[in-house]
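A quick write-up on the structure given underneath.
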Amino acid sequence: MERFEVLLADDHAIIRDGLKQILDDTEDFTVAGQAANGNELMHLVRERPWDVLILDMSMPGRNGLDLIRMVKDERPELPILVLSMHHEEQYAVRALQAGASGYLTKETETEILISAIRQITRGGVYVSQKVAALMVHGIRPKADHLPHDLLSDREYQVFNMIVAGRGLTEIAAELSLSVKTVSTHKTHILQKMGLSNVAELVRYAISHGLARPSDF
1013 MERFEVLLAD
1023 DHAIIRDGLK
1033 QILDDTEDFT
1043 VAGQAANGNE
1053 LMHLVRERPW
1063 DVLILDMSMP
1073 GRNGLDLIRM
1083 VKDERPELPI
1093 LVLSMHHEEQ
1103 YAVRALQAGA
1113 SGYLTKETET
1123 EILISAIRQI
1133 TRGGVYVSQK
1143 VAALMVHGIR
1153 PKADHLPHDL
1163 LSDREYQVFN
1173 MIVAGRGLTE
1183 IAAELSLSVK
1193 TVSTHKTHIL
1203 QKMGLSNVAE
1213 LVRYAISHGL
1223 ARPSDF
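Residues 1013 to 1228 in the working numbering are what the sequence shown lists, from first letter to last.
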């Protein structure tokens, strides 16, 4: 039986090793390539065709949403399953809008993961009930959108990192940006959302399900 070749992209080796063991134990998948950062990922994507990409949202130095778009520009036919530490409320809709075929958190049970990969490899889309509800919200008229919907993808990424307690210097280093640029993003975030400080951002994130008290 022919096995689908999987490309894994995650900056944590232990995650890649675990996924490789899970997928190599199936009858229809084999992990044929691994990337630990965005540059490695794009090199492998350009190197040859793949049957499916499993992508972490938090790759070093590159916005995961940007990576999805870059991969789809190079390989429009390549299905992408996002497997992320971020809750569905944080990134699922944006990832699907960018071109992903499915979104799961790293808390997902193995059986669901395998089922989702099979579904998108065969040309389908995997959307959980929670993500489907979020997508319905996402197609409402702009006037009905919440303040965080007004943020650009980069601003939204910085927003999530700020409410997770990351300092501007730490965010700048991880995203390969200057501290001044991150500070500018923070200012724009507060302005667009009509908030005054980080404490209000955190309260907003918790009240809208974008973060949970247990995350802090």
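Glycine residues also receive a C-beta, built at the ideal position from the N, C-alpha and C atoms. Please read all numbers here as calculations on a predicted model, not as lab measurements.
- With distances taken between CA atoms, Thr1122 lies nearest to Ile1034 out of Ile1034, Phe1016 and Thr1196.
- By the Cβ criterion, the segment 1022 to 1030 is not in contact with the segment 1134 to 1142, since fewer than three pairs of Cβ atoms, one from each stretch, lie closer than 8 angstroms.
- Among the bridge pairs identified by DSSP, Ser1096 is matched with Thr1117.
- When the beta-carbon positions are compared, Ala1128 and Thr1120 come within less than 9 angstroms of each other.
- In the DSSP assignment, Val1043 falls within the beta strand (DSSP E) that extends over Phe1041 to Ala1047.
- Boundaries of the beta strand (DSSP E) around Val1018: Phe1016 to Ala1021.
- When Cβ pairs closer than 8 angstroms are counted between the two stretches, the segment 1044 to 1053 is seen to touch the segment 1071 to 1083, the count reaching three or more.
- Straight-line spacing of the CA atoms in Arg1178 and Ile1092 works out to 28 angstroms.
- Closest in alpha carbon position to Arg1166, among Arg1087, Arg1106, Asp1085 and Ser1208, is Arg1106.
- Taking the CA atoms as reference points, Thr1196 sits about 28 angstroms from Val1083.
- Here the segment 1213 to 1220 makes no contact with the segment 1184 to 1193; the two share fewer than three CB pairs at distances below 8 angstroms.
- Residue burial annotation: His1160 is buried, with at least 16 other C-beta atoms found within 10 angstroms of its C-beta.
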